[in-house]
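In structure tokens:
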């Protein structure tokens with residue numbers, strides 16, 4: 241199974257794309273969030289992923305840097321349905337309130353001939369905390385991350401090699417989710433900036449963490465593979481080197497600081 245990081249940046253970036261990624265296994269895909277605009281279409285194209293092959297999307301929460309790209313996907317996939325170029329259904333996994341908001345935005349901005357598929361071939365699969373679904377032949381468990389800003393869900397995926405892939409959304413890990421996160425072989429965690437620059441970027445005011453805290457967490461949890469994303473963009477060219485250097489002071493596993501479009505094999 242392959243992980244392709246489509247975007248690595250926080251909400252305000254312009255030099256890279258907002259945080260989103262896709263898990264793929266042969267010709268099956270599981271897209272997680274879609275960023276804040278139609279650039280998602282180019283990124284998927286560059287990754288060699290056809291819209292006709294996307295049938296599972298998970299949307300973590302309502303913020304524009306995660307959800308607006310989904311509106312574009314509804315439009316483009318709905319058009320392909322009308323043209324007879326899309327086989328099967330599109331399933332969008334999210335919590336109840338978010339499903340309602342996405343459908344409202346789509347209904348206000350997309351033609352009725354496309355929106356008519358919502359509720360039929362474009363299905364909103366509403367998930368509760370602790371609920372499990374089978375996606376790409378793997379068991380996915382969704383959980384409420386207990387956000388203080390907007391209701392947000394993360395998930396864990398039981399990999400075919402027995403490993404566990406976990407995404408805790410774009411806020412710091414909450415101990416309330418220990419039972420979901422424990423035993424993870426891969427952890428995706430936000431790192432808004434370097435700890436050395438916390439005064440400059442003020443991550444705590446936005447309920448985010450720094451590289452130091454994310455790495456201390458992964459060390460405490462004993463996670464062997466940690467991937468940091470949802471970052472600032474002022475250090476794009478040096479980000480990998482700078483974040484890795486700070487992170488390795490606190491974490492002794494495999495630390496990854498990806499660029500947009502970077503790929504990883506997470507299960508063989």
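Numbering (the working numbering), first residue to last: 241 to 508. Note that beta-carbon positions come from the ideal geometry of N, C-alpha and C, so glycine has one too. Here the structure is a predicted model, which is why all the values come from computation and not from measurement.
For residue i, which residues of its own chain have a beta-carbon under 7 angstroms away from its beta-carbon, when the five flanking residues on both sides are left out?
{"i": "residue 526", "result": "Past the edges of the chain, shown from 241 to 508, lies residue 526, and the structure says nothing about it."}
{"i": "residue 337", "result": "391"}
{"i": "residue 416", "result": "386"}
{"i": "residue 398", "result": "378, 379 and 404"}
By how many angstroms is the C-alpha of residue j removed from the C-alpha of residue i?
{"i": "residue 427", "j": "residue 406", "result": "5 angstroms"}
{"i": "residue 367", "j": "residue 334", "result": "6 angstroms"}
{"i": "residue 440", "j": "residue 386", "result": "27 angstroms"}
{"i": "residue 247", "j": "residue 259", "result": "4 angstroms"}
{"i": "residue 245", "j": "residue 353", "result": "32 angstroms"}
{"i": "residue 413", "j": "residue 323", "result": "43 angstroms"}
{"i": "residue 363", "j": "residue 332", "result": "6 angstroms"}
{"i": "residue 357", "j": "residue 471", "result": "35 angstroms"}
{"i": "residue 401", "j": "residue 249", "result": "30 angstroms"}
{"i": "residue 339", "j": "residue 314", "result": "13 angstroms"}
List the DSSP bridge partners of residue i.
{"i": "residue 247", "result": "260"}
{"i": "residue 505", "result": "242"}
{"i": "residue 471", "result": "249"}
{"i": "residue 450", "result": "433"}
{"i": "residue 466", "result": "427 and 495"}
{"i": "residue 271", "result": "262 and 297"}
With a threshold of 7 angstroms (Cβ to nearest heavy atom), would residue i be considered close to the ligand PLP?
{"i": "residue 248", "result": "Absence of the ligand PLP from the depicted structure is noted, as is the absence of any ligand whatsoever, leaving it without description."}
With a CB to CB cut of under 6 angstroms and the five nearest residues on each side skipped, what residues in its chain are close to residue i?
{"i": "residue 487", "result": "451, 455 and 495"}
{"i": "residue 500", "result": "247, 248, 256 and 257"}
{"i": "residue 504", "result": "243"}
Report the start-end ranges of each beta strand (DSSP E) in the region 354-409 that is 3 residues or longer and not cut off at the edges.
Counting whole runs of 3 or more residues, the region 354-409 contains the beta strand (DSSP E) stretches 362-366, 372-375, 378-384, 393-398 and 404-407.
So within the region 417-444, which uninterrupted alpha helix (DSSP H) runs reach at least 4 residues, ignoring any that extend past its ends?
Counting whole runs of 4 or more residues, the region 417-444 contains the alpha helix (DSSP H) stretches 418-421 and 438-441.
Which ranges does the alpha helix (DSSP H) cover as unbroken runs of at least 4 residues, wholly within the region 329-355, from first to last along the chain?
For the region 329-355, whole alpha helix (DSSP H) runs of length 4 or above, ordered along the chain, are 336-349 and 352-355.
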